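In what follows, a single structure is set out as structure tokens and then discussed.
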Amino acid sequence: MLTVAISKGRLFDPSLEMFSKLGYRVHSREAESRKLVIADRRGKLRFIYVKPADVPVYVEYGVADLGVVGLDVLLEASPDVHQPLDLKFGRCRIVVAAMKGSNRSNEQDGVSTLRVATKYPHLTAEYFTRRGVPVEIIVLSGSIELAPVLGLADCIVDLVQTGLTLRQNGLRVVHVIGESTARLIVNRASYQLRRERISELLEQIESLLAREKTA
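Position 101 of the sequence shown, counted from 1, bears residue number 100 in numbering that gives the first Met the number 0, the numbering being contiguous throughout.
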């Protein structure tokens, strides 16, 4: 039985839906329960439900053979794992956002040091360093949009799906750093030791993605 780490949150339902389309279904009662380890009905896959930031940890250390996680998490954590497939769902943008009318996020405005609130400190530091902009990074774990509203930061770096939360809090997107979609990741040792089974699963997922692309 292969073990798959699934991100809680926005990627949870589409991840289970993808595996369900491939015939790896879990009982609805179990899926809605508080259980964190659930096997599919055929006993082929075991799913573990963890926070998004923990998915690459479980996979890198071999507790899970595979995982489904957003590219934003992978860019932040830089785990030592295989990243064979872009699953195409959960599409979001990684953006720099600031209060409407503010130029404090503009890297050309002559500001000596920007205060940036984010839950992606490494990704943020790398982005602004590449542009030669000195930043003071304030790490938050939630409600990032509040930081510029209350004066804690000049701008934020965050993941945005529709932009509604930004607009409701008087923020606007200033720069788009990149796009994030769900990715399938694989433990390196598992890929060698269980190559046949994992390759079979990868082929099933690739075929599903191809069918849905042409549908």
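The beta carbon of each residue, even a glycine, is placed where N, CA and C say it ideally should be.
None of these values were measured; they are calculated from a predicted model.
Cα-Cα separation, residue i to residue j
i: Arg-129; j: Leu-122; result: 11 Å
i: Ala-124; j: Val-3; result: 31 Å
i: Glu-144; j: Cys-154; result: 9 Å
i: Ile-136; j: Pro-120; result: 7 Å
i: Glu-202; j: Val-173; result: 39 Å
i: Gly-100; j: Leu-158; result: 21 Å
i: Asp-71; j: Lys-118; result: 10 Å
i: Leu-65; j: Ala-152; result: 37 Å
i: Ala-209; j: Ala-96; result: 35 Å
i: Glu-75; j: Ser-142; result: 18 Å
i: Leu-10; j: Leu-35; result: 15 Å
i: Tyr-23; j: Tyr-190; result: 20 Å
i: Arg-40; j: Gly-169; result: 47 Å
i: Ile-37; j: Met-0; result: 12 Å
i: Leu-192; j: Leu-86; result: 24 Å
i: Leu-113; j: Phe-127; result: 10 Å
i: Leu-73; j: Asn-186; result: 14 Å
i: Asp-12; j: Glu-195; result: 27 Å
i: Ala-52; j: Lys-212; result: 29 Å
i: Val-134; j: Ala-214; result: 46 Å
i: Thr-161; j: Gln-82; result: 26 Å
i: Leu-15; j: Ala-188; result: 24 Å
For residue i: DSSP bridge partner residues
i: Tyr-48; result: Ile-5
i: Leu-183; result: Val-67, Leu-84
i: Leu-158; result: Ile-93
i: Gly-177; result: Ile-93
i: Ile-282; result: Lying before the first or after the last residue shown, residue 282 is absent from the chain, which here runs from 0 to 214.
i: Leu-113; result: Val-134
i: Leu-139; result: Answer is none; Leu-139 lacks a bridge partner.
i: Val-172; result: Ala-96
Residue from the options with nearest C-alpha to residue i
i: Val-67; options: Met-98, Leu-113, Arg-92, Gly-8; result: Gly-8
i: Ile-176; options: Ala-209, Pro-55, Gly-150, Cys-91; result: Cys-91
i: Ala-181; options: Glu-59, Leu-84, Leu-44, Lys-34; result: Leu-84
i: Gly-150; options: Val-115, Gln-167, Glu-178; result: Val-115
i: Gly-89; options: Val-36, Ser-179, Leu-200, Phe-46; result: Ser-179
i: Met-98; options: Thr-213, Gln-167, Leu-74; result: Gln-167
i: Val-132; options: Ser-111, Lys-87, Val-25, Ile-5; result: Ser-111
i: Ala-205; options: Tyr-190, Ala-63, Leu-21; result: Note on identity: in this sequence residue 205 is Glu, with Ala being the wrong assignment. Per the Cα distances, Leu-21.
i: Ile-215; options: Tyr-57, Arg-40, Gln-82; result: A question about residue 215 goes unanswered here, because the residues of the chain that appear run from 0 up to 214.
i: Pro-147; options: Thr-161, Asn-102, Asn-186, Leu-183; result: Asn-102
i: Lys-43; options: Ile-197, Leu-139, Thr-213, Thr-161; result: Ile-197
i: Arg-45; options: Ala-52, Pro-55, Val-62; result: Val-62
i: Pro-78; options: Pro-13, Leu-183, Leu-139, Ser-14; result: Leu-183
i: Lys-50; options: Glu-195, Val-134, Ser-140; result: Ser-140
Contact belief for residue i with residue j at Cβ below 8 Å, rounded distance in angstroms
i: Arg-171; j: Leu-163; result: So it is not a contact: roughly 13 Å between Cβ atoms.
i: Val-80; j: Glu-59; result: 5 Å
i: Gly-69; j: Ser-6; result: 7 Å
i: Val-156; j: Ile-93; result: 7 Å
i: Leu-207; j: Met-17; result: 7 Å
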